[in-house]
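Numbering (the numbering used here), first residue to last: 70 to 353.
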């Protein structure tokens, strides 16, 4: 049965929905809502009393209410972006142990102050008191999840692979839009492409994506994104070698900054995407 929690906050409503995917996995969808529509969904995944990612801080009150009826004892964070660790503090207060890769511990314990745009969409995370090292294998019930590296969007991002079921809880390893048009300063786009190729090699049945939700047409879903970014990279590097500037390359590629770019405070931009396509390389 689908459960939904909504709470008014100034002009926004924060919402949390628990939607069973199958008998073992429940999708926990969170978003700030404006004018009756979710601004941007983010997913965490509940398996028994274990949560993979913690969602956004704007849903902290809803998460607290949810776990009062569905206790969570442990949380595993794919990477230290605020839409993935935002509820860690409230989950810890409710008795959960938080796990993350070592490089992300400082951010979870001392979250940066996010700008107005990101506080509106995701909320401002509170500090987590204690974070434990990410294990190489996570066991729960009949499932055995391997922690695997998925760099690109975030250098130390990890995912959780259930080989027997051919499931991957992939964080943000695969871009949400099929035609990615902006980047972040920490993103290595060639590495992102390489990671997606490795994910394809896993021959998955289900990709549990952090923004799309469960994806079952995995190969075509990922292939579209690889093809788009590979084509962009080829064109961007050719234009750069011909003497074009970053701005000129963006124009040639038909890339424009979105309307909210001035509010993004340097966290997003077309220039980050173009520079990464030209300058970054992927480690095997």
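The beta carbon of each residue, even a glycine, is placed where N, CA and C say it ideally should be.
Starting from the C-beta of residue 221, find all residues in its chain whose C-beta is less than 6 Å away, skip the five residues before and the five after it, and write them out in chain order. 257, 260, 261, 264
Output the distance between the C-alpha atoms of residue 245 and residue 267, rounded to the nearest integer angstrom. 18 Å
For residue 80, name the three-state secondary structure that DSSP assigns. At residue 80, the pLDDT of 46 sits below 50, so the modelled position is not reliable; the number obtained from the coordinates is stated separately. Residue 80 falls in the coil class under three-state DSSP.
Express the C-alpha separation of residue 150 and residue 115 in angstroms, rounding to a whole number. 19 Å
Give the DSSP-derived three-state secondary structure of residue 329 in the structure shown. coil
If I measure Cβ to Cβ from residue 305 and keep anything under 7 Å in the same chain, skipping five residues before and after, which residues do I get? 318, 322, 343, 346, 347
For residue 295, does the three-state DSSP call read helix, strand or coil? helix
Going by the beta-carbon positions, is the gap between residue 123 and residue 85 smaller than 9 Å? no
Short Cβ contact (9 Å threshold) for residue 247 with residue 297: yes
If you draw a straight line from the alpha carbon of residue 252 to that of residue 242, how long is it in whole angstroms? 13 Å
Any idea if residue 110 is buried or exposed, counting beta-carbon neighbours within 10 angstroms, 16 or more meaning buried? buried
Unbroken alpha helix (DSSP H) runs of length 4 or more, entirely within the segment 245-286: which are they? 258-270
For residue 308, does the three-state DSSP call read helix, strand or coil? helix
To which residues of the same chain is residue 155 closer than 8 Å at the C-beta, ignoring the five residues directly before and after it? 123, 124, 125, 126, 127, 128, 129, 191, 192, 194
Can you tell me which of 349, 87, 93, 82 puts its alpha carbon nearest to the alpha carbon of residue 209? 93
Excluding the five sequence neighbours on either side, which residues of its own chain have a C-beta within less than 7 Å of the C-beta of residue 176, listed in chain order? 149
With a CB to CB cut of under 8 Å and the five nearest residues on each side skipped, what residues in its chain are close to residue 224? 172, 255, 257
With DSSP as the reference, label residue 314 as helix, strand or coil. coil
Determine the contact status of residue 275 and residue 232, defining contact as a CB-CB distance below 9 Å. no
Looking only at its chain, what residues have a beta carbon closer than 7 Å to the beta carbon of residue 78, apart from the 5 residues adjacent to it on each side? For residue 78, the pLDDT reaches just 42, beneath the cut-off of 50, and the residue's location in the model is therefore unreliable, although a value from the coordinates is still provided. Hits under 7 Å: none found.
At which residues does the alpha helix (DSSP H) containing residue 216 begin and terminate? Here residue 216 belongs to no alpha helix (DSSP H); instead the beta strand (DSSP E) covers 212-218.
Would you check if the distance between the CB atom of residue 214 and the CB atom of residue 206 is smaller than 9 Å? yes
Between which two residues does the alpha helix (DSSP H) containing residue 158 stretch? 157-162
Whole-angstrom distance between residue 294 and residue 330, CA atom to CA atom: 23 Å
With a CB to CB cut of under 8 Å and the five nearest residues on each side skipped, what residues in its chain are close to residue 335? 254
Taking the straight line between their C-alpha atoms, what separation do you get for residue 97 and residue 287? 21 Å
Between residue 339 and residue 250, how many whole angstroms is the CB-CB distance? I'm expecting something under 8 Å. 7 Å
Is residue 270 buried or exposed, if buried means 16 or more other CB atoms sit within 10 Å of its CB? exposed
Cβ-Cβ separation, residue 146 to residue 118 (assumed contact under 8 Å), whole Å: About 16 Å; that fails the 8 Å criterion.
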